[in-house]
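Worksheet for the structure shown next.
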């Protein structure tokens, strides 16, 4: 039977996407598909009901998808429910039409809200229990975004010292003119920072005092709810999330498949600690780079990207693959076979970590499949 894993599901991983400024992807095509539509509609209705109960107003994700509604801060809870609903819908289509049991994959991962989908798929929580927690806090997180700017911080040479980045954010926050904090470590040379008022500009002013080499700061033009940063403390989001998650059912089993958490950077969920990790999920940065490397070191051969228009995880793998290939050049195949790493001159951060992080050499050989594309390119029997 045709499947996106080419027969190797035991050496595959699922990657769930998170919130972005566009969240529809090809959901409308799946909803309107003569074979897939009924299942997609059922999952969207289920997520709509959970969302409506959590935020106290009507939500119609089916209509949103039919009209390709655009994303805005006012639709943050709706979009969160949409992303998770479509992720579960896509996996249900894969199972019901192609007989693929995703419980057999080697591991799962999820960026931001995608980690919540991983916990549902892994059997740790039921959807209605877990999703209601962040949805009930989404409107407050969106309100916090009114004066928040995202800074994309990266280096062209040596690695970006993440500890110094956090220290600089603390120094700026202590000046009393707004909070700023890291939201994600994307790669050894790249991170996301979210800051109130003019704190991103202040970060740019002070960076030379904290970092060696050239550090570039680009301001993202969009507004972002400041999850995964200390900025959510302003409305006690972390404490409120903790109270809510300790009152829901579930959370007493280890996930299967195992989950690489962007909160901790590793496969750290057990039968007893999921609530503790979920509380940290609200205000701790996403350690995506640690998850990326652990995935490469695990021997995974295929990554199935789940959700509408997956972005940050496949893009991160693509950049890494390109960097590795460019660095190795004509010596790449020789290095793979002999274990000798040579010719690393273009990206200093990559040259410095490759001898100790040899699993990076696997990056160009990982097969990536966008599930919504695969589903629409194949005809159910």
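Numbering (the numbering used here), first residue to last: 72 to 452.
Built from N, CA and C at the ideal position, the CB exists for glycine as well.
Could you give the C-beta distance for residue i and residue j, rounded to a whole number, given that I count them as a contact under 8 Å?
i           : j           : result
residue 94  : residue 153 : 6 Å
residue 387 : residue 359 : 6 Å
residue 171 : residue 178 : At roughly 16 Å, the Cβ-Cβ gap does not stay under 8 Å, so residue 171 and residue 178 are not in contact.
residue 365 : residue 391 : 13 Å between Cβ atoms; not a contact.
residue 212 : residue 308 : 6 Å
residue 17  : residue 270 : The displayed coordinates of the chain run from 72 to 452. Any statement about residue 17 would go beyond what the structure contains.
residue 218 : residue 267 : 5 Å
residue 204 : residue 312 : 6 Å
Which residues in the same chain as residue i place their Cβ atom closer than 7 Å to its Cβ, once the five residues preceding and following it in sequence are excluded?
i           : result
residue 131 : 119
residue 451 : 106 and 168
residue 357 : 182, 183, 254, 255, 299 and 333
residue 438 : 372 and 373
residue 215 : 296, 297, 302, 303, 305 and 306
residue 275 : 288
residue 436 : none
residue 404 : In this prediction, residue 404 scores a pLDDT of 44, lower than 50, which makes its location untrustworthy; no coordinate-derived value is stated.
residue 328 : 174, 176, 177, 178, 179 and 193
I need the DSSP call for residue i, collapsed to helix, strand or coil.
i           : result
residue 273 : helix
residue 204 : helix
residue 51  : Beyond the ends of the chain as shown, which are 72 and 452, falls residue 51; an answer cannot be given.
residue 404 : With a pLDDT of 44 at residue 404, under the threshold of 50, the predicted position of this residue should be treated as unreliable, though the coordinate-derived value follows. In this structure, residue 404 counts as helix in the three-state DSSP scheme.
residue 195 : coil
residue 241 : helix
residue 164 : helix
residue 223 : strand
residue 345 : helix
residue 231 : coil
residue 264 : strand
residue 362 : helix
residue 450 : coil
residue 146 : helix
residue 430 : helix
residue 412 : Below a pLDDT of 50, predicted positions are generally treated as unreliable, and residue 412, at 45, falls in that range; the measurement from the model is reported next regardless. Coil at residue 412, not helix or strand.
residue 236 : helix
residue 216 : helix
residue 179 : strand
Ordered along the chain, which non-local residues of its own chain (more than five positions away) have a Cβ less than 6 Å from that of residue i?
i           : result
residue 293 : 92
residue 188 : 87, 155, 158 and 181
Considering only residues of the same chain and omitting the five flanking positions on each side of residue i, which have a CB-CB separation below 8 Å?
i           : result
residue 206 : 121, 122, 125, 126, 148, 151 and 152
residue 88  : 154, 158, 181, 182, 185, 376, 377, 378, 379, 380, 381, 382, 383 and 384
residue 250 : 244, 266, 267, 270, 300, 301, 302, 304 and 305
residue 112 : 102 and 133
Beta strand (DSSP E) runs contained entirely in the stretch 278-324, provided each spans 3 or more residues: The stretch 278-324 is shown to contain whole beta strand (DSSP E) runs of 3 or more residues at 286-291, in chain order.
Meets three-Cβ-pair contact criterion under 8 Å: the stretch 212-231 and the stretch 255-265: yes
Inter-stretch contact at 8 Å, needing at least 3 Cβ pairs: the stretch 193-203 / the stretch 308-324: Yes: at least three Cβ pairs fall under 8 Å.
Whole beta strand (DSSP E) elements within the stretch 95-131, 3-residue minimum: none
Segments of 3+ residues assigned as beta strand (DSSP E) that fall wholly inside the stretch 364-393: 373-377
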